[in-house]
Amino acid sequence: MLSRRRFLANSVLAALWSAMTGSALTGSAMPGTAVGQAAAPPWRNWSGHLKANPASRLVPSTEDELVSMLQSTRGAIRPVGAGHSFSPLVPTDGHLLVLDNLNGLVSHDRQAMTAELMAGTRLSDAGALLDDIGQAMYNLPDIDRQTLAGAIATATHGTGKHLKSLSGYVNNMRLVTPFGDVVDLDAHNNADVFHAARVSLGALGIVTRIGFKNRAPFNLLGRTWMEKTKTVIDQFEALSSEWQHFEMMPLLHSDYALVIAHKETSDAISPMVEEEDDGAFLKLVNATPVALRGTLINTLASDIEPAEGIDVSYKSLTNLRFDRFNEMEYSVPAASGPECLEEILDTVKREATDVTIPLEYRIVDADDAWISMFNGGRRVSISVHRLARYDYQPLFGLVEPIFWKYGGRPHWGKVHTLGRQQLQELYPRFEDFVFIQQSLDPEGRMLNRHLAYVLGR
Amino acid sequence: MVVLAGCSEPPELEPLAAENYAAAFETAEMTPAVQKKWARSCALCHVRGEGGAPRVGDLQAWAPRVAGGDVRMMQHTVEGLNRMPPLGYCMDCDLDDFAAMIHLMTGRH
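Chains as they are written, first to last, in my numbering: chain E, 162 to 618; chain W, 167 to 275.
Below you can see the structure in the form of structure tokens.
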């Protein structure tokens, strides 16, 4: 009987994420090479909507090799990490520079609690590497397949009122310029370039090493539960103080959100049980017209059970729960978050937009990287998602102007339409960043069409 | 790489792509260089079975995929499927590399 059914919070989230709604895109790309040739297939990003046929793929295994490659090649060059950006930062007809072989721990300082890693190291590998030397990153995003270089190039972040984006914890970096010059950066050496390079869009050159300020390893108690979105907003200040990492995922068309919260604990590890979803919730949602979906979710909300578990931080904060999607995310001043969220929820409901993937509402502390979304003050990031197999334009086109009303800054790695003219109004140091970029890369080797638009070059 | 048969099957391949994919399996070779690429890409998910990925060498889990044919598995690898991204996190793999990796993981190496 439905009335007795209990849905696990995580399963409900996964079901909504995988919901089959909307109009599927069609079309298939084919390799652009002749039969029999050892062919590289077209490059595509994680979601699959960005494609490119680079002239070559450069895969340096050492910094010396990288220098040699930069000095011996001509034409455009774009670095790629894990391909997790939804904005077209990577596509190029020139050289695609793959960082994967530049990975691993370089050095660490026990006293200062810092560690330097090669920039192609994946976040998913960094956790164990740092644990082995008695360190842990302060915070992580929910997807951890990105390379460190890609993550900080776009100010990738997790959530937490007193926690910064990954770029906010960068202590030092090594940059190889487009001319092949090797430059070490920190707050005292080449300080301006350092402040620009902590969020660089991969436009200043190739970052090969990144030093992070870390902390001692820690375990996190994770808890998920359903709550009315308005209640969470009303209690956000207290909840985000009580829980070190705090976010909610408002379920579109409904009054409810799934709350995901973590706080430090000394209790023993007891991982959250990820039970298989039997599809019942998804079937109910799909069988319900959009106009009635809110009523359905509101009615079933009390049937969705909380879940809890304890694990080491780098396992607690990350997951591979969801199918691939495209995403738009803007960060608005923290005080504007509730009003912006409310307008998005109301607009999607009013327009009866047939989307079920929840929004994501996170909080991130201020940092001072020049073009970090969080430069100058604490912000709330609000994300809108569309499964990769559907056209995201109608939804994102509906929501993006709402973000603009509230002073939103687009996540550099996610879909947005802003160019230099708008961006210089959002970032006090944007023109300084452009100046540094032009100084390091006067020929524009590090640009593609998207970056030329964003930087106005 | 997660090569899954699921609810979001990719669209039909164009003939040239299918020919290219099939040809790659004829020349594929598991060299130390390909093993290294496998270790930093496919292994991210296919060793522990993360995200629902069939584990390397789990012949039972791979059987339905193998039954779909090599070309179909290559298409899934190149275009992505469900939680597996296009190229399975290997940005510098060519089709021969992918073919060798598919044979390795499906116990046909």
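We put the CB at the ideal spot given by N, CA and C, even for glycine.
Selection of the segment 231-246 of chain E by Cβ proximity to chain W, strictly under 9 angstroms: So the close ones are Val241, Gly242, Ala243, Gly244 and His245.
For tyrosine 491 of chain E, the residue or residues it bridges with in DSSP: Start at 1 with the first residue of the first sequence, and residue 491 of chain E comes out as number 330. Answer is E:Ile543 and E:Pro571, bridged to tyrosine 491 of chain E.
Aspartate 261 of chain E vs threonine 479 of chain E beta-carbon contact at 8 angstroms: Taking the first residue of the first sequence as position 1, residue 261 of chain E is located at position 100. Taking the first residue of the first sequence as position 1, residue 479 of chain E is located at position 318. Against a cut-off of 8 angstroms, the Cβ pair of threonine 479 of chain E and aspartate 261 of chain E comes out as no contact.
8 angstroms Cβ cut-off: residues of chain W touching serine 474 of chain E: One-based indexing of the first sequence puts residue 474 of chain E at position 313. Those do not exist, as serine 474 of chain E stays about 18 angstroms from chain W at its closest Cβ, beyond 8 angstroms.
Rounded C-alpha distance that separates leucine 443 of chain E from leucine 457 of chain E: Taking the first sequence and counting its residues from 1, one reaches residue 443 of chain E at position 282. Taking the first sequence and counting its residues from 1, one reaches residue 457 of chain E at position 296. If you take the alpha carbons of leucine 443 of chain E and leucine 457 of chain E, they lie about 11 angstroms apart.
For threonine 282 of chain E and glutamine 598 of chain E, the rounded distance between their alpha carbons: As a working mapping, residue 598 of chain E is identified with position 437 in the first sequence. As a working mapping, residue 282 of chain E is identified with position 121 in the first sequence. When rounded, the distance between both Cα atoms is 24 angstroms.
Of the listed residues E:Val434, E:Leu266 and E:Ser477, nearest to proline 467 of chain E (C-alpha basis): Against the first sequence, residue 467 of chain E aligns to sequence position 306. Taking only the C-alpha atoms, the option nearest proline 467 of chain E is E:Val434.
Valine 237 of chain W at chain E interface by Cβ criterion, 8 angstroms: Stepping through the second sequence from its first residue, residue 237 of chain W is reached at position 71. Interface with chain E (8 angstroms Cβ-Cβ cutoff): valine 237 of chain W is excluded.
Of the residues E:Leu169, E:Met334 and E:Gly341, the one placed nearest arginine 359 of chain E, counting alpha carbons only: Within the first sequence, numbered from 1, the residue matching residue 359 of chain E stands at position 198. Of E:Leu169, E:Met334 and E:Gly341, the residue nearest in Cα terms is E:Met334.
Residue of E:Glu521, E:Asp515, E:Lys424 and E:Leu548 minimising C-alpha distance to valine 541 of chain E: Along the first sequence, one-based indexing puts residue 541 of chain E at 380. It is E:Glu521 whose Cα lies nearest to the Cα of valine 541 of chain E.
8 angstroms Cβ cutoff, valine 516 of chain E in contact with chain W: One-based indexing of the first sequence puts residue 516 of chain E at position 355. By this cut-off, valine 516 of chain E is not an interface position.
CA-to-CA distance, threonine 517 of chain E to proline 499 of chain E, given in whole angstroms: The count along the first sequence starts at 1 and reaches residue 499 of chain E at position 338. The count along the first sequence starts at 1 and reaches residue 517 of chain E at position 356. Distance between the alpha carbons of proline 499 of chain E and threonine 517 of chain E is about 20 angstroms.
Chain-ordered chain E contacts of proline 198 of chain W [CB-CB under 8 angstroms]: Taking the second sequence and counting its residues from 1, the one referred to as residue 198 of chain W is at position 32. The premise fails here: proline 198 of chain W is roughly 13 angstroms from chain E at the closest Cβ pair, so nothing lies under 8 angstroms.
Rounded Cβ spacing between valine 545 of chain E and valine 560 of chain E (contact assumed at less than 8 angstroms): Counted from its first residue, the first sequence places residue 545 of chain E at position 384. Counted from its first residue, the first sequence places residue 560 of chain E at position 399. Confirmed, about 5 angstroms.
Residues within the segment 244-269 of chain W neighbouring chain E, beta-carbon criterion of under 7 angstroms: Along the segment 244-269 of chain W, going in chain order, the ones with a CB nearer than 7 angstroms to a CB of chain E are Val244, Glu245, Gly246, Asn248, Arg249, Pro251, Pro252, Leu253, Tyr255, Met257, Asp258, Asp260, Leu261 and Asp262.
Cβ pair count under 8 angstroms reaching 3, the segment 240-258 of chain E against the segment 207-220 of chain E: yes
Residues that DSSP places opposite methionine 105 of chain E in a beta bridge: In the structure as shown, chain E begins at 162 and stops at 618. Residue 105 of chain E is therefore absent and cannot be evaluated.
Sequence-distant residues of the same chain with beta carbon closer than 8 angstroms to glycine 455 of chain E, five excluded per side: As a first step, residue 455 of chain E must be located in the first sequence, where it is residue number 294. Only His414, Ser415, Asp416 and Lys510 meet the Cβ criterion.
Below-8 angstroms beta-carbon distance, histidine 546 of chain E vs any chain W residue: To locate residue 546 of chain E, count along the first sequence from 1; it is residue 385. No, histidine 546 of chain E does not count as interfacial toward chain W.
Stretch-stretch touch, CB-based, cutoff 8 angstroms, three pairs: the segment 254-262 of chain W with the segment 201-218 of chain W: yes
Listed by chain order, chain W residues near serine 285 of chain E by CB distance under 7 angstroms: The count along the first sequence starts at 1 and reaches residue 285 of chain E at position 124. Ordered by position in chain W, the residues that pass the 7 angstroms Cβ test against serine 285 of chain E are Leu210.
Contact test: leucine 261 of chain W Cβ vs the ligand NAP heavy atom, cutoff 7 angstroms: Ligands in the displayed structure: none, and consequently the ligand NAP is not present.
Option in E:Arg539, E:Val576, E:His572 and E:Arg570 with minimal Cα separation from leucine 556 of chain E: Translated into positions along the first sequence, residue 556 of chain E becomes position 395. That would be E:Val576, whose Cα lies nearest to the Cα of leucine 556 of chain E.
Histidine 356 of chain E beta carbon less than 8 angstroms from that of alanine 527 of chain E: Counting from 1 along the first sequence, the entry for residue 527 of chain E is found at position 366. Counting from 1 along the first sequence, the entry for residue 356 of chain E is found at position 195. Not a contact, by the Cβ cut-off of 8 angstroms.
Beta-carbon neighbours of valine 220 of chain E, restricted to chain W and to distances below 7 angstroms: Here residue 220 of chain E is taken as the residue at index 59 of the first sequence, counted from 1. Ordered by position in chain W, the residues that pass the 7 angstroms Cβ test against valine 220 of chain E are Asp258.
Cutoff 8 angstroms: leucine 170 of chain W Cβ touching any chain E Cβ: The sequence position of residue 170 of chain W within the second sequence is 4, counting from 1. Reliability of the predicted coordinates at leucine 170 of chain W is poor, the pLDDT of 34 falling under 50, and no value is obtained from them.
Neighbour flag for proline 519 of chain E against chain W, beta carbons, 8 angstroms: Counting from one through the first sequence, the residue named residue 519 of chain E turns up at place 358. No, proline 519 of chain E lies away from the interface with chain W (no Cβ there is under 8 angstroms from its Cβ).
Helix, strand or coil at proline 626 of chain E [DSSP, three-state]: Nothing can be reported for residue 626 of chain E: it is not among the residues displayed for chain E, which extend from 162 to 618.
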